[in-house]
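**Q**
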Amino acid sequence: MAHLDFEAPLVELEERIAALKELTEAGAPEAEAIDMQIATLAIQAEDLQRKLIADLDVWKKVQLSRHPDRPYLRDYLALLFDDFVELHFLGLHASRVKSLRLLVTKKVEPPKTKPSGTSAWRIPKAIGRRSV
4 MAHLDFEAPL VELEERIAAL KELTEAGAPE AEAIDMQIAT LAIQAEDLQR KLIADLDVWK
64 KVQLSRHPDR PYLRDYLALL FDDFVELHFL GLHASRVKSL RLLVTKKVEP PKTKPSGTSA
124 WRIPKAIGRR SV
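Read in order, the letters of the sequence shown correspond to residues 4 to 135 in the working numbering.
Here it is, written out as structure tokens:
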């Protein structure tokens with residue numbers, strides 16, 4: 004899972020918590036002490052997360068909004084509905100569908116890798132302009 008630079012301390016804490024949980028699941032003899040340490044680290048992780056969110060500047064907010072692992076609409080729909088079917092409306096009219104639960108539109112997801120060139124997004128030429 005990818006993370007941003009300012010998230011590094013939080014990711015390290017979460018990795019330590021995961022490693023300690025693996026020890027307790029493996030049957031370590033000091034399970035009670037490890038559980039207390041996990042609880043302490045979990046509280047520290049929550050506090051650190053609150054602090055990171057409170058200290059976000061504009062650029063960090065932009066980075067978070069463009070985070071590669073952030074959920075998209077399809078992820079939320081999978082959590083909300085068990086039998087969601089995406090319709091592409093190629094000649095299909097809504098009146099032909101027996102049950103239509105939700106009709107949404109989505110923006111095109113950004114490419115996983117940036118295309119070569121100076122900009123990640125190309126701006127189309129204005130429609131209807133004439134060259135004189």
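In this text, a Cβ means the ideal position worked out from N, Cα and C, and glycines have one as well.
Quick one: what does DSSP say residue 86 is sitting in, helix, strand or coil?
**A** To locate residue 86, count along the sequence shown from 1; it is residue 83. If DSSP states are grouped into helix, strand and coil, residue 86 belongs with coil.
**Q** Taking 8 Å as the cut-off, is the beta-carbon of residue 74 closer than that to any non-hydrogen atom of the ligand SAM?
**A** This structure does not include the ligand SAM; it has no bound ligands of any sort.
**Q** Which one of 73, 44, 9, 8 has the shortest CA to CA distance from residue 21?
**A** Within the sequence shown, numbered from 1, the residue matching residue 21 stands at position 18. Ranking 73, 44, 9, 8 by Cα distance to residue 21 puts 44 first.
**Q** Out of curiosity, what's the CA-to-CA distance linking residue 40 and residue 54?
**A** By 1-based counting over the sequence shown, the position of residue 40 is 37. By 1-based counting over the sequence shown, the position of residue 54 is 51. If I take the Cα positions, the gap works out to 21 Å.
**Q** Are at least three pairs of beta-carbons, each pair with one atom in the region 23 to 35 and one in the region 71 to 82, less than 8 Å apart?
**A** Touching, no, given that fewer than three Cβ pairs across the two stretches are closer than 8 Å.
**Q** Would you kindly work out how many angstroms separate the C-alpha atoms of residue 6 and residue 61, rounded to a whole number?
**A** Taking the first residue of the sequence shown as position 1, residue 6 is located at position 3. Taking the first residue of the sequence shown as position 1, residue 61 is located at position 58. One C-alpha to the other measures close to 18 Å.
**Q** Would you mind listing the alpha helix (DSSP H) stretches within the region 4 to 31 that are 4+ residues and don't spill past its ends, in chain order?
**A** Runs of the alpha helix (DSSP H) inside the region 4 to 31: 11 to 28.
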